[in-house]
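Counting in this note's numbering, the sequence shown runs from 747 upward without gaps.
Just so you know, even glycine gets a beta-carbon here, dropped at the ideal spot from N, CA and C.
All figures in this text were calculated on a predicted structure; none of them were measured in a lab.
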Amino acid sequence: MRAADVIERKRNGGEHTPEELEEFVLGYVRDEVTDYQMAAWCMAVYFNGLSGAETFALTDAMIRSGDTLDVGGALGRKVVDKHSTGGVGDKTSIAVGPIVAACGVPLGKMSGRGLGHTGGTLDKLESIPGFRVELSTDEMIEQLRTVGMAIVGQSDRLVPADKKLYALRDVTATVDIQPLIASSIMSKKLAAGADAIVLDVKVGDGAFMKSLDEARSLAQEMIELGRRAGREVTCLLTDMDQPLGSAVGNALEIREALDTVRGEGPADFTELVLDASARLLAYSDLDIDLTEGRHRAEAAVADGSAVAMYDRWIRAQGGDPDPSALPEAPVRVSVPAPRDGVVGRIGALAVGVAALELGAGRRTKTDPIDHAVGILCFAKRGDSVLAGDDLAEIHARDEASAAAGVQAVLDAYTITDEPPPTHGILLDVLS
Ligand code: URA
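Spelled out as structure tokens, the structure:
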């Protein structure tokens, strides 16, 4: 195989064989295919796409680039897993995990770091003092046995092709390409041994999929990849046209996830967490339906068993679960409403970028993260406000970055006279 021939075939709209894709992907992991060749191929895929068969072959090749796990075999249980396509203020796994585990279903998740304006679960968890994300697979399985939940960094041996490709796509404007997102997500879920998977496909301004049609198409592609591999997949299509919940930024999001596990979270985030938890429980080996799953998820929040599980989980990974241990930003400035009216829109992308500028995310792969900074969006779409009310609050390292944050968040809000059309967080469910 000559890498240039593979790139040329896709550039000219041709179709790859599974063997060719496998050689290309494995060659990339072995450094025989260079970053610039892989980047050129990704851009050719942006323009010419991949067929269903090619996407399946790519996913398969990515899985073969490393080890696979059999967590279910080790635990003697059916394994359920969840994954989000990425959004602004998305701390869903941190709240869903303890709820599902408190209901008796082990949840072991391998998570990633932030990508572009979207935050990463590992970065959020690392704002908890002492929390260790680098657990070996054996440690993760042992923790699942003894505690019932674990969220860890993706092992270097699991889908190494995705690790390398993901970092390359991030800096070559090739993230938002449907077959590449589908194969990236599904290769990790399939390699990690999930029997049933709930995927949260974010839709809107703050997501990689901007329209419901694009999100449906990505969802269908991931469901098909799961079907071909013999796994059950449900996709929740959820609103990312405004930040999820109120908090954007690492430690702020941990606080909000904990509030939600305690039953004191914002309405939109709580609804998503309970719905995703119910679906994972209905997929599990508890042999219950969705209604009973919802009932048990709500009960775990109400009776405190979910928050007790959060405590045990965080301690098991070396962290301090007390929210007062989380870092706090030295400067807090409110963002006042410029006039009376209704919040018509909050640009999720703009809020995500504003948080990144405050230091909550990375511009380059090696940038350090400031875990304390971020934004609390108090007013959400459809809320009535009076001039001077707090729309949001900026948590910053210094006055200058706070002032820039206030302006950016003010620009992200649109205050209108008429209330915008309302809809819930869940836009569609496909399976
Ligand atoms: N999440 C992933 O895991 N991969 C992508 O390509 C995009 C979002």
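Measuring alpha carbon to alpha carbon, tell me which residue in the options is nearest residue i.
i: Pro844; options: Ala1062, Val1152, Arg915; result: Ala1062
i: Cys849; options: Asn794, Leu1137, Glu1038, Ile943; result: Glu1038
i: Ile1115; options: Tyr1159, Asn996, Ser1147, Ser1051; result: Asn996
i: Thr883; options: Gly865, Gly818, Thr838, His829; result: Gly818
i: Leu1018; options: Glu1044, Leu1172, Val879, Met789; result: Leu1172
i: His1085; options: Ala975, Arg748, Tyr1159, Ala847; result: Per the sequence shown, the amino acid found at residue 1085 is Arg instead of His. Checking every option, the nearest Cα to that of Arg1085 belongs to Tyr1159.
i: Asp816; options: Leu926, Ala940, Val779, Phe802; result: Ala940
i: Thr867; options: Ala1106, Gln1153, Gly1170; result: Ala1106
i: Ser929; options: Ile753, Gly950, Ala975, Leu1104; result: Ala975
i: Ala1133; options: Leu1156, Glu1145, Gly950, Asp916; result: Leu1156
i: Asp1174; options: Thr980, Gln900, Ile874, Ala790; result: Thr980
i: Val917; options: Asp1068, Arg977, Met789, Asp1066; result: Met789
i: Ala1052; options: Pro1012, Ser1177, Val851, Met808; result: Val851
i: Glu880; options: Ser901, Glu769, Ala961; result: Ser901
i: Val1089; options: Ala961, Gly835, Phe1124; result: Phe1124
i: Ser1030; options: Ala1154, Gly795, Asp827, Ile1060; result: Asp827
Alpha carbon to alpha carbon, how far is residue i from residue j?
i: Tyr782; j: Met856; result: 28 Å
i: Ala1075; j: Gly773; result: 45 Å
i: Ala938; j: Leu853; result: 12 Å
i: Ala841; j: Leu1020; result: 9 Å
i: Leu904; j: Val898; result: 12 Å
i: Leu1026; j: Thr1110; result: 35 Å
i: Pro1165; j: Thr1016; result: 23 Å
i: Lys870; j: Leu998; result: 9 Å
i: Lys1126; j: Val771; result: 43 Å
i: Trp787; j: Val846; result: 40 Å
i: Ala803; j: Ala1096; result: 36 Å
i: Asp751; j: Gly760; result: 11 Å
i: Asp1035; j: Val775; result: 42 Å
i: Ile1000; j: Gly1009; result: 14 Å
i: Ala907; j: Lys935; result: 14 Å
i: Met886; j: His829; result: 18 Å
i: Pro1073; j: Asp1014; result: 25 Å
i: Asp1129; j: Ser1177; result: 33 Å
i: Lys837; j: Ile753; result: 37 Å
i: Ala1149; j: Ala1083; result: 15 Å
i: Gly795; j: Arg977; result: 24 Å
i: Glu1044; j: Ser933; result: 32 Å
i: Ile717; j: Glu768; result: Here the chain comprises residues numbered 747 to 1177, so residue 717 is not present and cannot be evaluated.
Taking the beta carbon of residue i as the centre, do at least 16 other beta carbons fall within 10 Å, making it buried, or is it exposed?
i: Ala1024; result: buried
i: Glu872; result: buried
i: Gln889; result: buried
i: Ile1117; result: It is worth fixing the name first, because residue 1117 is His in this sequence and not Ile. That one is buried.
i: Ser1070; result: exposed
i: Gly1120; result: buried
i: Asp806; result: buried
i: Thr1168; result: exposed
i: Gln924; result: buried
i: Arg748; result: exposed
i: Glu778; result: exposed
i: Arg973; result: exposed
i: Glu1184; result: Here the chain comprises residues numbered 747 to 1177, so residue 1184 is not present and cannot be evaluated.
i: Gly1098; result: buried
i: Asp1113; result: exposed
i: Asp716; result: The structure shown does not extend to residue 716, since the chain is modelled only from 747 through 1177, so no value can be given for it.
i: Asp1163; result: exposed
i: Ala797; result: Note on residue identity: the sequence assigns Ser, not Ala, to residue 797. Label assigned to Ser797: exposed.
i: Gly1151; result: buried
i: Gly833; result: buried
i: Gly862; result: buried
Is it the case that the Cβ atoms of residue i and residue j are separated by a distance below 9 Å?
i: Arg755; j: Phe793; result: no
i: Thr920; j: Ala785; result: yes
i: Ile1161; j: Val1081; result: no
i: Arg859; j: Arg1078; result: no
i: Val1131; j: Leu1137; result: yes
i: Met1055; j: Ala1046; result: yes
i: Thr864; j: Ile931; result: no
i: Arg878; j: Gly1065; result: yes
i: Ala1022; j: Leu982; result: yes
i: Ala1094; j: Gly950; result: yes
i: Thr801; j: Leu971; result: yes
i: Ile874; j: Pro1012; result: no
i: Ala1028; j: Glu1103; result: no
i: Ala993; j: Gly835; result: yes
TODO: Answer yes if the region 898-912 comes into contact with the region 941-959, meaning at least three C-beta pairs across the two stretches below 8 Å, and no otherwise.
DONE: In short, these stretches do not touch, since the Cβ pair count stays below three.
- [ ] Count the CB pairs spanning the region 988-1002 and the region 808-817 that are closer than 8 Å, and state whether there are at least three.
- [x] No: the two stretches stay apart, fewer than three of their Cβ pairs being nearer than 8 Å.
Open item on the list: Using only Cβ atoms and a threshold of 7 Å, which residues come within that distance of a heavy atom of ligand 3? Order them by chain position.
Closed with: For ligand 3, the structure offers nothing, since it holds only ligand 1.
Task: the region 962-978 contacting the region 998-1008, beta-carbon criterion three pairs below 8 Å - done: Verdict: no, contact absent.
- [ ] Tell me, please, whether the region 948-962 touches the region 819-828 by the rule of three or more beta-carbon pairs shorter than 8 Å.
- [x] Remark: fewer than three beta-carbon pairs, one from each stretch, lie closer than 8 Å, so the region 948-962 and the region 819-828 are not flagged as touching.
Open item on the list: Taking contact to mean 3 or more Cβ pairs, one atom from each stretch, closer than 8 Å, check whether the region 890-902 and the region 758-773 are in contact.
Closed with: Here the region 890-902 does not lie against the region 758-773, with fewer than 3 beta-carbon pairs under 8 Å apart.
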